[in-house]
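One structure is given below, encoded as structure tokens.
2 protein chains.
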Amino acid sequence: MTPRQAAACCGPLDDLLDPALFKALGDPTRIRLLGCMIKCGRTCSVSEIAECCVVDFSVVSRHLRLLERAGILGSTKSGRNVSYTVKYSHLSMALRSLAGAIEQCRPSEARAGKGDCCGR
Amino acid sequence: MTPRQAAACCGPLDDLLDPALFKALGDPTRIRLLGCMIKCGRTCSVSEIAECCVVDFSVVSRHLRLLERAGILGSTKSGRNVSYTVKYSHLSMALRSLAGAIEQCRPSEARAGKGDCCGR
DNA sequence: CATATAATTGCATAATGGCACAAATATACA
DNA sequence: TGTATATTTGTGCCATTATGCAATTATATG
Numbered sequence: 012m013t014p015r016q017a018a019a020c021c022g023p024l025d026d027l028l029d030p031a032l033f034k035a036l037g038d039p040t041r042i043r044l045l046g047c048m049i050k051c052g053r054t055c056s057v058s059e060i061a062e063c064c065v066v067d068f069s070v071v072s073r074h075l076r077l078l079e080r081a082g083i084l085g086s087t088k089s090g091r092n093v094s095y096t097v098k099y100s101h102l103s104m105a106l107r108s109l110a111g112a113i114e115q116c117r118p119s120e121a122r123a124g125k126g127d128c129c130g131r
Numbered sequence: 012m013t014p015r016q017a018a019a020c021c022g023p024l025d026d027l028l029d030p031a032l033f034k035a036l037g038d039p040t041r042i043r044l045l046g047c048m049i050k051c052g053r054t055c056s057v058s059e060i061a062e063c064c065v066v067d068f069s070v071v072s073r074h075l076r077l078l079e080r081a082g083i084l085g086s087t088k089s090g091r092n093v094s095y096t097v098k099y100s101h102l103s104m105a106l107r108s109l110a111g112a113i114e115q116c117r118p119s120e121a122r123a124g125k126g127d128c129c130g131r
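In order, the protein sequence lines correspond to chains A and B.
Numbers in our numbering are just positions in the first sequence, counted from 1, shifted up by 11.
Numbers in our numbering are just positions in the second sequence, counted from 1, shifted up by 11.
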């Protein structure tokens with residue numbers, strides 16, 4: 012079984028390996044902001060979050076919107092304040108599911124040659 | 012506790028939230044290649060892997076090197092062939108550890124107000 | 001209504017990154 | 001030694017994106 016042939020074998024991995032999610036997490040500034048929010052553990056306003064970085068306020072605003080569109084953050088508006096919240100369960104579940112799907116594909120001595128394409 | 016203050020609270024999350032890893036996973040072509048290799052389940056040569064995509068051979072070569080530098084792939088050279096292998100355990104562990112660290116920071120009703128900064 | 005504050009949006013700029021093509025390197029084989 | 005095959009590297013082009021600054025919108029408050 013060549014990797015080309017394995018590509019035709021669809022499974023849960025295909026949906027979980029989402030480049031858009033990782034692209035959102037792949038920027039140092041965004042990761043910094045996200046890390047602060049995760050550790051903070053509560054809903055935060057854009058102004059508060061902007062304190063975590065030396066970049067311009069508008070940049071932070073854009074990063075947060077991007078993280079929201081990626082499904083990593085949720086947002087609520089109250090008056091003139093916009094607050095963002097980490098979607099803990101969604102994020103950790105996405106990572107854990109992917110880890111599981113990868114593990115499923117890992118060949119073991121016991122299964123060597125017994126199955127192709129993620130054990131199927 | 013503001014997100015700015017939470018930033019000073021160092022924990023396992025800081026090392027696990029590595030933008031370099033996510034940047035490596037954040038490109039559609041690279042994810043495509045990686046997905047093929049994961050499902051294939053064996054060591055593959057650059058030529059084989061290049062069959063998975065329509066991009067130029069040189070592009071694939073560079074992508075594989077990048078994934079290797081990110082710790083996602085391992086490589087061995089045998090004669091004129093270079094083979095890449097998915098580091099299943101390393102990759103799934105990195106994802107699972109991150110998921111765990113994120114969960115640790117998630118506030119629950121029981122812990123509400125009891126601890127700051129990832130429960131500490 | 002005027003003003004202050006919170007956040008977004010428009011815009012220009014610079015940096016980054018993916019890509020194709022060509023050339024170079026390395027190794028196997030006749 | 002000459003040639004074929006596998007892979008890497010150099011280079012330029014183009015699209016995307018991160019950023020700062022200024023202007024704008026939206027809402028609260030005096």
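No residue lacks a Cβ here, since even glycine has one placed at the ideal position from N, Cα and C.
Just so you know, these numbers come straight off a predicted model, no measurement behind them.
Q. LYS88 of chain A by DSSP, collapsed to three states: which one?
A. strand
Q | Neighbourhood of ILE113 of chain A by C-beta, 8 Å cutoff - its chain only, sequence neighbours within 5 removed | A | LEU24
Q) Would VAL65 of chain B be called buried (16 or more neighbouring beta carbons within 10 Å of its own) or exposed? A) exposed
Q: Assign MET48 of chain A to one of two classes, buried (16 or more other C-beta atoms within 10 Å of its C-beta) or exposed (fewer than that).
A: buried
Q) In chain order, which continuous runs of the alpha helix (DSSP H) of length 4 or greater are located wholly inside the segment 41–102 of chain B? A) 57–61, 68–80
Q. Is the CB-CB distance between CYS128 of chain B and ALA31 of chain B below 8 Å?
A. no
Q) Any idea if GLY90 of chain B is buried or exposed, counting beta-carbon neighbours within 10 angstroms, 16 or more meaning buried? A) exposed
**Q.** Where ASP26 of chain B falls: helix, strand or coil (DSSP)
**A.** helix
Q. In chain B, what lies closer than 9 Å to GLU120 of chain A by C-beta?
A. Within 9 Å Cβ-Cβ: nothing; GLU120 of chain A doesn't reach chain B, min ~13 Å.
(Q) Using the Cβ count rule (16 or more neighbours within 10 Å means buried), how would you classify PHE33 of chain B? (A) buried
**Q.** Buried/exposed call for PRO39 of chain B, threshold 16 Cβ in 10 Å
**A.** exposed
Q. Where do the N-terminal and C-terminal ends of the alpha helix (DSSP H) with PRO118 of chain A fall, by residue?
A. No alpha helix (DSSP H) holds PRO118 of chain A; DSSP gives it neither H nor E.
(Q) So, at 7 Å on beta carbons, what are the nonlocal neighbours of ARG43 of chain A in its own chain, with the 5 sequence-adjacent residues on each side left out? (A) CYS63, CYS64
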